[in-house]
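Colleague: For reference, the structure I am asking about is given below.
Residue numbers (the numbering used here), protein chains in the order written: chain A, 13 to 127; chain B, 25 to 136.
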């Protein structure tokens with residue numbers, strides 16, 4: 013069975029602060045995929061990133077960066093110089109082939125960025 | 025492509041009524057997923073289809089829930105009879121194999 017844990021329920025930061033959202037996963041599969049999605053107050057789910065289990069390279073996209081560490085089963089997400097528009101719920105998810113690549117989501121972390 | 029299209033966006037119905045939610049996936053995607061989001065349970069998978077065939081419906085809460093995918097461009101999720109505890113946001117998503125899933129805007133269902 014697969015499990016994704018996002019221990020941080022809510023985080024509040026002041027604009028321009030850096031913030032890291034934690035994600036820990038569990039799976040017995042050797043091939044798996046990890047994702048982050050953003051859900052802004054408007055409610056839609058927006059894809060941010062996908063990594064496969066064989067690619068531990070960290071990734072940076074503008075103010076966003078992701079740190080994938082198989083040794084600790086973690087896939088953490090950092091927002092640098094946060095902005096008010098970053099306020100949203102962020103979900104980490106895991107998929108494996110024997111469940112049709114259906115996403116298994118964590119409970120989400122609600123991020124509030126204040127001016 | 026217009027993305028995954030769900031209808032209706034909002035549905036308010038009385039307990040006991042039948043509710044049908046609709047989804048048009050992205051063209052070329054071979055997997056379709058129905059999720060439900062509630063405050064208590066978060067995002068949970070209800071059912072998924074591969075190439076229009078239902079593969080795993082173990083997440084469907086009860087026999088009152090059913091889903092169909094008659095062709096590659098359309099799927100429905102039906103609740104009959106509906107109950108207040110079915111109130112939630114229902115998302116449809118589609119993907120191509122292991123690639124990222126794209127979600128529709130969701131249907132906010134309220135059963136009174």
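Idealized CB from N, CA, C, for every residue including glycine.
Between the segment 46-60 of chain A and chain B, which residues of the former have CB atoms less than 7 angstroms from a CB of the latter, in chain order?
Modeller: Going along the segment 46-60 of chain A in chain order, one finds 47, 55, 56, 57, 59 with a Cβ nearer than 7 angstroms to chain B.
Colleague: From 111(A), 110(A), 79(A), pick the residue whose C-alpha is nearest to that of residue 33(A); which is it?
Modeller: With distances taken between Cα atoms, residue 33(A) lies closest to 79(A).
Colleague: Using a Cβ-Cβ cutoff of less than 8 angstroms, which residues in the same chain neighbour residue 25(A) once the five nearest sequence positions on both sides are dropped?
Modeller: Taken in chain order, the residues that qualify are 31, 94, 123, 124, 125, 126.
Colleague: Give the residues of chain A in contact with residue 126(B), contact being defined as C-beta atoms less than 8 angstroms apart.
Modeller: 59, listed in chain order.
Colleague: Once you ignore the five residues that flank residue 98(A) on each side, which residues in its own chain have a CB closer than 7 angstroms to its CB?
Modeller: Excluding positions up to five away in sequence, the list reads 91, 123, 125.
Colleague: Using a C-beta cutoff of 8 angstroms, does residue 130(A) count as contacting chain B?
Modeller: Only positions 13 to 127 of chain A appear in this structure, which leaves residue 130(A) out of reach.
Colleague: Closer than 8 angstroms is the cut-off here; do at least three beta carbon pairs connect the segment 100-111 of chain A with the segment 97-104 of chain B?
Modeller: With the cut-off at 8 angstroms, the segment 100-111 of chain A and the segment 97-104 of chain B do not touch.
Colleague: Helix, strand or coil for residue 60(B) per DSSP?
Modeller: Residue state, collapsed to three classes: strand.
Colleague: Which of the residues in the segment 47-79 of chain B, read from start to end, lie with their CB under 7 angstroms from any CB of chain A?
Modeller: From the segment 47-79 of chain B, only 55, 57, 66, 67, 69, 72, 74, 79 have a Cβ closer than 7 angstroms to chain A.
Colleague: So, does the segment 15-29 of chain A touch the segment 57-70 of chain A, judging by three or more C-beta pairs under 8 angstroms?
Modeller: No, they do not touch.
Colleague: Less than 6 angstroms between C-beta atoms, sequence neighbours within five positions excluded: which residues of the same chain meet that for residue 117(A)?
Modeller: Taken in chain order, the residues that qualify are 103, 105.
Colleague: On a CA-only basis, which of 36(B), 31(B), 58(B), 107(B) is nearest residue 125(B)? Give me that one, please.
Modeller: If we check each option's Cα against that of residue 125(B), 58(B) comes out closest.
Colleague: Should residue 55(B) be labelled buried (16 or more other beta-carbon atoms within 10 Å of its own) or exposed?
Modeller: Label assigned to residue 55(B): buried.
Colleague: How many angstroms separate the CA atom of residue 60(B) from the CA atom of residue 115(A)?
Modeller: Cα-Cα distance, rounded: 12 angstroms.
Colleague: According to a CB-to-CB cut-off of less than 9 angstroms, which residues of the segment 89-117 of chain B neighbour chain A?
Modeller: Under the 9 angstroms Cβ criterion, the segment 89-117 of chain B contributes 113, 115, 117.
Colleague: Could you list the residues in the segment 111-124 of chain A with a C-beta less than 9 angstroms from some C-beta on chain B, going in chain order?
Modeller: Answer in chain order: 111, 112, 113, 114, 115, 116, 117, 118, 119, 120.
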